[in-house]
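Report on the structure given below.
Protein chains in written order, with this note's numbering: chain D, 1 to 315; chain Y, 1 to 315.
Right under this line is the structure:
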């Protein structure tokens, strides 16, 4: 297991570096990739970046003005990638990764060198320290990228993963020029007309089970097509189902294909989301976990709701 | 104008202190009152607390276990009170206030001694420093109160008023035992079933005008009665209408009485909310303003929407 010093030592020695983000990219994996790219380029290195999926428009500012190189990569670095399967279409590159920088407790090793700190709220916390260890400056653009990753991975400092260190790093980034309020407005307080349509449906369609301790929301392809939301606009919906007073398990059931449904499960203390999802071959954290169930929607719903019921009875 | 040292000096010398919060109390005024009460009592002083309005249930934990005294107050301190009118029914006490601790730039002096720092995101930032200056310990219970005030006044660190210092104070409070995630969940991520009903109606009933640049939401007494929400649960709704992408004017029309409607108008740059509200005898800031219109609802809506349309045409 590598650490901060080892990761810095490796990167100082390397050049022609390809940085990979995970599929369905979020603020943290993209914040890491854009900030680290900027720092390595400032140190005179050639850098490339790839992600299996398109970068959502709201994150595009993080990559503005980065001069990526055109070269055959000598080294590959993944950021915030817990499993090579999460590279999506780039998974074949997974066996060639030289350094994986991650903060997931469930990290499944695939790289030659691994630096994982599971107590960090965001992989961007690691990248912030790494950039300083590399001796590169935290420019305002880098501060924006890092702040974005930390803010989005902590739900704007709302979730239990935000520690005193998280707040202190955010303070440092604000002093280095991170436009915290502007970033947070775009990330948390801007809704497209399609999202307004989605919210209308979400609040109407939400169902409650087990004496209202379990809330369920089904995001079918039909609903998504009718509202016109983009994939990345569905992010916030998983949070809504567990915001209801008294709800222990908040479930989002997302249609992925014919008879294929992805479950996002959020749990409030003392309930354990990971335990429920493990029964269906999935996993995650105590507070948030996921799994995929292959069956028709009504059956999927019945199975996962029943599993939540058992877990609630055992509390 | 007093400062931190002067405020600490006064409080060290005083005893039998009455602390006052502003009417319609929020997390900041109550966080100040409860934290300062706890610290002063720990220093051996007798303390009382009063507020013109009832403390919302979600803030009650801040006052758990405080031993308020029964005495004739010798000194009165207000916290987060910008104007003596904001004492509500306790306004008669406004002329007898010995020390006002506040962070509002628009503070209208009414106390014998005034300590105002307008660049502080929350009055709780001042109280945090004051408690340390008094030599009292920041206990976990005090840290909870202070964190609550800072988090609620910054929209969970989302608004532009949250500075690097705000984040650092929050980090210190977390290390002193503030249960940040639990507090934030109650403050920001907990919706009663009534609020879920309200949201369902809000998203269904919201109307758009002027090529979707103006969003309107009507909060009638009938809607509020049907959903069963409490007055303090309506807080977030004004924000929803201005979160829609492309919306320049977000309007909430709230029924106050027969043919009496209070308009809350939010404007996105370059639109000016105050200019529109001034036409109806109201006022406010460029970004947020209000007015009251006396007419039936449909007429009120037509008038204010027309005024917004004129303002949009003039942009």
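Note that CB positions come from ideal geometry on N, CA and C, so glycine has one too.
* Compare the C-beta of residue 181 of chain Y against all C-beta atoms of chain D and say whether one is closer than 8 Å. => It does; some Cβ of chain D falls within 8 Å.
* Applying the criterion that 16 or more other CB atoms from any shown protein chain within 10 Å of the CB defines a buried residue, is residue 155 of chain Y buried or exposed? -> Per the 10 Å Cβ criterion, buried.
* **Outcome for residue 250 of chain D when other beta-carbon atoms lying within 10 angstroms are tallied against a minimum of 16** => Burial call: buried.
* Out of D/222, D/20, D/37, D/166, which has the shortest C-alpha to C-alpha gap to residue 134 of chain D? -> Nearest of D/222, D/20, D/37, D/166 to residue 134 of chain D, Cα basis: D/37.
* For a contact meaning CB atoms closer than 8 Å, what does residue 263 of chain D contact in chain Y? -> Those within 8 Å of residue 263 of chain D in chain Y number zero; the least Cβ separation is about 20 Å.
* Whole alpha helix (DSSP H) runs in the segment 159-243 of chain Y with 4 or more residues, listed along the chain? -> Here the runs fully enclosed are 164-175, 180-188, 193-205, 221-227, 237-240.
* Relative to the C-alpha of residue 247 of chain D, which residue among D/261, D/141, D/267 is closest? -> Answer by Cα proximity: D/267.
* To do: Taking 8 Å as the threshold, find out whether the segment 119-139 of chain Y comes into contact with the segment 139-149 of chain D through three or more Cβ pairs.
  => Counting Cβ pairs under 8 Å, fewer than three are found: no touch.
* Curious, which full-length beta strand (DSSP E) runs of at least 3 residues does the segment 45-82 of chain Y contain? -> Entirely contained in the segment 45-82 of chain Y, the beta strand (DSSP E) runs reaching 3 residues are, in chain order, 47-50, 75-79.
* Asked: Looking only at its own chain, which residues have a Cβ that is under 8 Å from the Cβ of residue 14 of chain Y, when we skip the five neighbours before and after it?
  -> Cβ within range, chain order: 45, 74, 75, 98.
* Using DSSP with H/G/I as helix, E/B as strand and the rest coil, what is residue 299 of chain Y? -> When secondary structure is reduced to three states using DSSP, residue 299 of chain Y falls in the helix class.
* **Residues within the segment 133-160 of chain Y neighbouring chain D, beta-carbon criterion of under 7 Å** => Cβ contacts with chain D: 156, 157, 158, 159, 160.
* What does residue 203 of chain D touch in chain Y if you count any residue whose Cβ is under 7 Å from its own? -> Within chain Y, the residues placing a beta-carbon under 7 Å from that of residue 203 of chain D are 196, 199, 200, 203, ordered along the chain.
* **Below-8 Å beta-carbon distance, residue 62 of chain Y vs any chain D residue** => Chain D contact via Cβ: absent.
* Asked: Going along the segment 225-240 of chain D in order, which residues come within less than 9 Å of chain Y, judged by CB to CB distance?
  -> With the criterion set as a beta carbon lying under 9 Å from some beta carbon of chain Y, the members of the segment 225-240 of chain D are 239, 240, in sequence order.
* Does any residue of chain Y bring its CB to less than 8 Å from the CB of residue 244 of chain D? -> Closer than 8 Å to some Cβ of chain Y, the Cβ of residue 244 of chain D qualifies, so yes.
* Asked: Would you call the CB atoms of residue 203 of chain D and residue 200 of chain Y closer than 8 Å?
  -> With contacts defined as CB atoms closer than 8 Å, residue 203 of chain D and residue 200 of chain Y qualify as a contacting pair.
* **Beta carbon proximity, residue 193 of chain D to chain Y, threshold 8 Å** => So yes, residue 193 of chain D belongs to the interface.
* **Inter-stretch contact (C-beta, 8 Å, three-pair minimum) for the segment 170-189 of chain D and the segment 143-150 of chain D** => Taking 8 Å as the limit for Cβ pairs, the verdict is that the segment 143-150 of chain D does touch the segment 170-189 of chain D.
* Of all Cβ atoms in chain C, is any one closer than 8 Å to the Cβ of residue 253 of chain Y? -> Going by chain labels, chain C is absent from the structure shown, which instead holds the protein chains D and Y.
* Asked: Name the chain Y residues whose beta carbon is nearer than 7 Å to that of residue 190 of chain D?
  -> Against residue 190 of chain D, the close residues of chain Y are 243, 245, in the order they occur along the chain (beta-carbon pairs closer than 7 Å).
* Cβ of residue 162 of chain D within 8 Å of any chain Y Cβ -> Yes, residue 162 of chain D counts as interfacial toward chain Y.
* Asked: Within the 8 Å Cβ cut-off, does residue 118 of chain D reach chain Y?
  -> Closer than 8 Å: no.
* Compare the Cα-Cα distances from residue 108 of chain D to each of D/217, D/121, D/94, D/293 and report the closest residue. => Closest by alpha carbon: D/94.
* With 8 Å set as the bound, which would you pick, yes or no: does the beta-carbon of residue 171 of chain D sit closer than that to a beta-carbon of chain Y? -> It does; some Cβ of chain Y falls within 8 Å.
* Measuring alpha carbon to alpha carbon, tell me which of D/40, D/79, D/22, D/207 ends up nearest residue 242 of chain D. => Measuring from the Cα of residue 242 of chain D, the nearest candidate turns out to be D/207.
* Asked: If the cut is a Cβ gap below 9 Å, which residues of chain D does residue 206 of chain Y touch?
  -> Within 9 Å Cβ-Cβ: 196, 200.
* Can we say the segment 60-70 of chain D touches the segment 150-165 of chain D, given the rule of at least three CB pairs closer than 8 Å? -> With a cut-off of 8 Å on Cβ pairs, the segment 60-70 of chain D is not in contact with the segment 150-165 of chain D, counting fewer than three such pairs.
* So which of D/253, D/271, D/276, D/22 has the shortest CA-CA distance to residue 295 of chain D? -> When only C-alpha atoms are compared, the closest one is D/253.
* To do: Answer yes or no: do residue 274 of chain Y and residue 283 of chain Y have a C-beta to C-beta separation smaller than 8 Å?
  => Yes, the Cβ-Cβ distance between residue 274 of chain Y and residue 283 of chain Y is below 8 Å.
* Asked: How close, in whole Å, do the beta carbons of residue 105 of chain D and residue 180 of chain Y come, if the pair is a contact with beta carbons under 8 Å?
  -> No, residue 105 of chain D and residue 180 of chain Y are not in contact; Cβ-Cβ is about 20 Å, not under 8 Å.
* If we call anything under 8 Å between Cβ atoms a contact, is residue 263 of chain Y one with residue 291 of chain Y? -> Contact flag set, yes.
* **Neighbouring residues, chain D, relative to residue 212 of chain Y (Cβ below 8 Å)** => Those within 8 Å of residue 212 of chain Y in chain D are 193.
* **residue 20 of chain Y - containing beta strand (DSSP E), residue span** => Here the beta strand (DSSP E) through residue 20 of chain Y covers 17-20.
* Can you list, in chain order, the residues of its chain whose CB lies under 7 Å from that of residue 7 of chain D, leaving out five sequence neighbours each side? -> Residues 99, 101, 115, 130 of the same chain have their beta carbon placed closer than 7 Å to that of residue 7 of chain D, with the five preceding and five following residues left out of the count.
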